[in-house]
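K.L.:
Sharing a structure, written as structure tokens. Questions coming.
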Amino acid sequence: MNLLDFNTRFPDENSCRQYLKTKREQEGVTCNCGGITHYWISTRELWKCKTCGSCQNLRAGTIMEKSHIPVRYWFMTIHLMTSTKKAFSALEIQRQLGMDNYEPVWYMMQKIRKSMGKRDMRYQLQGEIEVDEGFYEVVTLPEKDHLGNLIREEVAQKRGRGSTKQMKVLVMVESFPNPQPSTDKYRKKRVMGFVKMVTIDDLSSTGINYELKKSLDPTSTIVTDGWRGYSRSTDVIAKHIKNIVPPKEAHKTLPWVHTVIANSKRQFLGVHHSIGKDYLQNYLNEFCYKLNRRNFQTDLFDRMIVAGAKDTWY
Ligand SMILES: [Zn+2]
Numbered sequence: 003m004n005l006l007d008f009n010t011r012f013p014d015e016n017s018c019r020q021y022l023k024t025k026r027e028q029e030g031v032t033c034n035c036g037g038i039t040h041y042w043i044s045t046r047e048l049w050k051c052k053t054c055g056s057c058q059n060l061r062a063g064t065i066m067e068k069s070h071i072p073v074r075y076w077f078m079t080i081h082l083m084t085s086t087k088k089a090f091s092a093l094e095i096q097r098q099l100g101m102d103n104y105e106p107v108w109y110m111m112q113k114i115r116k117s118m119g120k121r122d123m124r125y126q127l128q129g130e131i132e133v134d135e136g137f138y139e140v141v142t143l144p145e146k147d148h149l150g151n152l153i154r155e156e157v158a159q160k161r162g163r164g165s166t167k168q169m170k171v172l173v174m175v176e177s178f179p180n181p182q183p184s185t186d187k188y189r190k191k192r193v194m195g196f197v198k199m200v201t202i203d204d205l206s207s208t209g210i211n212y213e214l215k216k217s218l219d220p221t222s223t224i225v226t227d228g229w230r231g232y233s234r235s236t237d238v239i240a241k242h243i244k245n246i247v248p249p250k251e252a253h254k255t256l257p258w259v260h261t262v263i264a265n266s267k268r269q270f271l272g273v274h275h276s277i278g279k280d281y282l283q284n285y286l287n288e289f290c291y292k293l294n295r296r297n298f299q300t301d302l303f304d305r306m307i308v309a310g311a312k313d314t315w316y
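In the working numbering, the protein residues as written are 3 to 316.
Below is the structure:
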């Protein structure tokens, strides 16, 4: 869907609300009492439960719950975030929507990123998986200034606004032998499958095994460098291939994981400039969500609306 299609499909707020209603009803509206049949009260945009009589509004239980931003702005933001290869800063989205305040736009985008992460958490990686750690620069900043305004991440790194530190990220990338091997020596010998990236505090075997167990199918094989934190990985997965090579050679044994780390860092630096430490996972979610769906023929927009209609922000 390009921008013109978007405008044709969603010319106004009403068309967006109608679409959200249809999607939610397709997914099934559920009441707190467990009731699944409702009356639709169109004048108030509410579903009334046929079992207990309690009401929920159009946005209840979705990522848009309690948000005052028009549904069409949410749709436009989701469209921009999912339809392009590039990433957008909150400042840029604020400009594109013509909104006065930065803060609600920033929160909206964090919610969308969180929802993207929840989607990807439902899958486990399989087969042969390259695993390595990346170190990402984040800022620890007072989130609000003395007037209580959210500090823009874009300006966070300016002098006096918080300090920078490195955060550890465990990066896991499925890779398969290339079915059509290339003779080009610069082309990678393997092709990339799905990717997961999770922030991690503890790089000991306990911390690493905890993440591997959550993210990988137990039948998987991991390929790593010689870091001792991987030494007990076969407690949670089937096989461990350890390649001890000089750092300069590491891109040969773990080609995709290094590409993923480099590309994500380049994007974060180019678009967001700096990222608050509590939000790095959200940016990783967005990066992986789009990377994992790079070959999808269908529109990511509809998928994301369905995801957002189900998931709440917590
Ligand atoms: Zn009910």
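In this text, a Cβ means the ideal position worked out from N, Cα and C, and glycines have one as well.
With distances taken Cα to Cα, identify the nearest neighbour of Tyr-125 among Leu-256, Glu-139, Gln-20, Lys-198.
P.N.:
Lys-198
K.L.:
Hey, would you say the C-beta of Cys-57 is under 7 Å away from at least one heavy atom of ligand 1?
P.N.:
no
K.L.:
Identify every run of the beta strand (DSSP E) within the segment 26–77, keeping only runs that are complete inside it and at least 3 residues long; order them along the chain.
P.N.:
40–43, 48–51, 57–59
K.L.:
Is Thr-64 near ligand 1, judged by its Cβ being under 7 Å from some heavy atom?
P.N.:
no
K.L.:
Determine the closest residue to Phe-270 out of Glu-130, Phe-137, Lys-215, Lys-23, with distance taken between C-alpha atoms.
P.N.:
Of the candidates Glu-130, Phe-137, Lys-215, Lys-23, the residue whose Cα lies closest to the Cα of Phe-270 is Phe-137.
K.L.:
Apart from the five residues on each side of it in sequence, which residues of its chain come closer than 7 Å, Cβ to Cβ, to Phe-298?
P.N.:
none
K.L.:
Return yes when the C-beta of Thr-53 is under 7 Å from any heavy atom of ligand 1, and no when it is not.
P.N.:
yes
K.L.:
Work out the CA separation of Ser-44 and Ser-217 for me, nearest whole Å.
P.N.:
43 Å
K.L.:
Just the Cα atoms here: how many angstroms apart are Ser-177 and Val-193?
P.N.:
When the Cα atoms are used, Ser-177 and Val-193 turn out to be separated by approximately 5 Å.
K.L.:
Between Val-140 and Lys-279, how many whole angstroms is the CB-CB distance? I'm expecting something under 8 Å.
P.N.:
The Cβ separation is near 4 Å, so the contact holds.
K.L.:
Report all residues from its chain with a CB closer than 7 Å to the CB of Gly-30; omit the five preceding and five following residues, and keep chain order.
P.N.:
Ile-38
K.L.:
By how many angstroms is the C-alpha of His-81 removed from the C-alpha of Ser-117?
P.N.:
Roughly 14 Å between the two C-alpha positions.
K.L.:
Sort Lys-167, Asp-134, Gln-128 by Cα distance to Pro-142 and report the nearest one.
P.N.:
Looking at the sequence itself, residue 142 is Thr, so the reference to Pro does not match. Ranking Lys-167, Asp-134, Gln-128 by Cα distance to Thr-142 puts Lys-167 first.
K.L.:
Where Gly-55 and Ala-62 are concerned, what is the direct C-alpha to C-alpha distance, given to the nearest angstrom?
P.N.:
16 Å
K.L.:
In terms of residues, what are the limits of the alpha helix (DSSP H) holding His-260?
P.N.:
257–269
K.L.:
Give me the residue from Thr-24, Lys-52, Gly-129 with the minimum Cα distance to Gly-36.
P.N.:
Lys-52
K.L.:
Throw me the rounded Cβ distance for the Val-173 and Val-259 pair, which I believe falls under 8 Å.
P.N.:
Correct: roughly 5 Å between the Cβ atoms.
K.L.:
Mapping DSSP to helix, strand and coil, what is Val-173?
P.N.:
strand
K.L.:
With a threshold of 7 Å on Cβ separation, who are the neighbours of Pro-72 within its own chain once the five nearest residues in sequence on each side are excluded?
P.N.:
Glu-15
K.L.:
Less than 6 Å between C-beta atoms, sequence neighbours within five positions excluded: which residues of the same chain meet that for Val-273?
P.N.:
Ala-89, Ser-91
K.L.:
Give the secondary structure of Val-238 by DSSP, where H, G and I count as helix, E and B as strand, and everything else as coil.
P.N.:
Three-state DSSP puts Val-238 in coil, outside helix and strand.
K.L.:
Which complete beta strand (DSSP E) runs does the segment 77–147 hold, if anything under 3 residues is left out?
P.N.:
Complete beta strand (DSSP E) runs here, min 3: 130–142.
K.L.:
Buried or exposed: where does Arg-74 fall if 16 or more other Cβ atoms within 10 Å of its Cβ makes it buried?
P.N.:
buried
K.L.:
For Leu-302 versus Thr-84, is the C-beta spacing smaller than 8 Å?
P.N.:
One thing to note: Leu-302 has its Cβ within 8 Å of the Cβ of Thr-84.
K.L.:
Return yes when the C-beta of Gly-30 is under 7 Å from any heavy atom of ligand 1, and no when it is not.
P.N.:
no
K.L.:
Taking the alpha helix (DSSP H) that Val-308 falls in, what are its first and last residues?
P.N.:
302–312
K.L.:
Out of curiosity, what's the CA-to-CA distance linking Gln-58 and Leu-48?
P.N.:
5 Å
K.L.:
In whole angstroms, what separates the C-alpha of Gln-20 from that of Val-175?
P.N.:
Whole-angstrom Cα-Cα distance: 39 Å.
K.L.:
Please report the residue range of the alpha helix (DSSP H) in which Gly-209 lies.
P.N.:
207–217 is the extent of the alpha helix (DSSP H) around Gly-209.
K.L.:
Answer yes or no: do Lys-25 and Ala-311 have a C-beta to C-beta separation smaller than 8 Å?
P.N.:
yes
K.L.:
Which term fits Met-123, buried or exposed, when burial requires 16 or more other beta carbons within 10 angstroms of its beta carbon?
P.N.:
exposed
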